[in-house]
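Trainee:
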Amino acid sequence: MTHGCVTATEMCANSTDCVGVLLLLLQLQFSQTKPIDFICDPEVRRRMDVTETLEPLMTHCLDQLPSDVLQPCVRINMGAWKQTSFQQKQAFVRDSLDAFLRSLGNLKDSLSTSCQTDVLKLLERSVKNHLLIVEHLERRISTLTPERDCEGHKTSSLTQTVRFYRKLLRGPVELLMKDLTHMCTTHT
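Just so we're aligned: the sequence shown equals residues -33 to -1, 1 to 155 in mature numbering (1 follows the signal peptide of the UniProt record, and there is no 0).
1. For Gln31 and Cys82, I'd like the C-alpha separation in whole angstroms.
2. Residues bridged to Lys56 by DSSP?
3. What do you get for His120, buried or exposed, if any count of 16 or more other CB atoms within 10 angstroms of its CB means buried?
4. Would you say Phe59 touches the ligand COA, meaning its beta carbon is less than 7 Å from a heavy atom?
5. Counting C-beta neighbours from all protein chains within 10 Å, is the total for Gln50 16 or more, i.e. buried, or is it exposed?
6. Provide the residue span of the alpha helix (DSSP H) that contains Thr126, from first to last.
7. Which value, in whole angstroms, describes the spacing of the CA atoms of Leu142 and Ser77?
8. Whose CA, out of Met45, Val41, Leu74 and Phe131, lies closest to the CA of Ala58?
9. If I'm right that His103 touches Leu64 with Cβ under 8 Å, what's the distance once you round it to whole angstroms?
10. Applying the 10 Å Cβ sphere with the 16-neighbour rule, what's the burial state of Lys75?
11. Give me the Cα-Cα distance between Leu99 and Leu29, rounded to the nearest whole angstrom.
12. Helix, strand or coil for Thr18? Go by DSSP, reduced to three states.
13. Report the partner residues of Leu37 according to the DSSP bridge assignment.
14. On the DSSP bridge list, what partners appear for Gln31?
15. Expressed to the nearest angstrom, what Euclidean distance is found between the alpha-carbon atoms of Met144 and Val129?
16. Hey, how far is the Cα of Ser70 from the Cα of Thr148?
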């Protein structure tokens, strides 16, 4: 305890308590976030990345998941990316988030440990938040997704699942936001 305040770490007696505290903090933190803040403020994007928050929780979890999670290919050829329309980039990111979210949803029913369930619940909520933001960037979303130059793969590791999500956020999602920085000059 510092200065009469209880930190989130001190409130977490076990992983279930931690998940409840984290869910509350994440909801409070992002309920006031607007899409323009997400686009223009890298700090907002960093705070929405729950992967670092999940790492301490995962130390209490069994790493082996009962079934595989699909990790869509998110490798980007920068030369091709620069030549791709915004709508196609948006579709690429949306499709990647959506495929990952569906895979997490399919896994939910087969989980046996509450620790894995709690971690994946936080991860799923974060993916949904990012998907909503990407879907609402522009009204017209292309139905054509740029050609992927690699194949997705599956993993049954909780650690690898969280690491993939971090890669998705720091790669394609971040690149998509950089394409919108022109909107930030009018945002104050």
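Just so you know, even glycine gets a beta-carbon here, dropped at the ideal spot from N, CA and C.
Mentor: Reading off the structure:
1. 12 Å
2. Paired residues: none, contrary to the question.
3. exposed
4. Of ligands this structure carries none, so the ligand COA is not represented either.
5. exposed
6. Leu125 to Leu135
7. 34 Å
8. Val41
9. Incorrect: roughly 13 Å between the Cβ atoms, too far for contact.
10. exposed
11. 30 Å
12. helix
13. Lys121
14. Ser124
15. 21 Å
16. 31 Å
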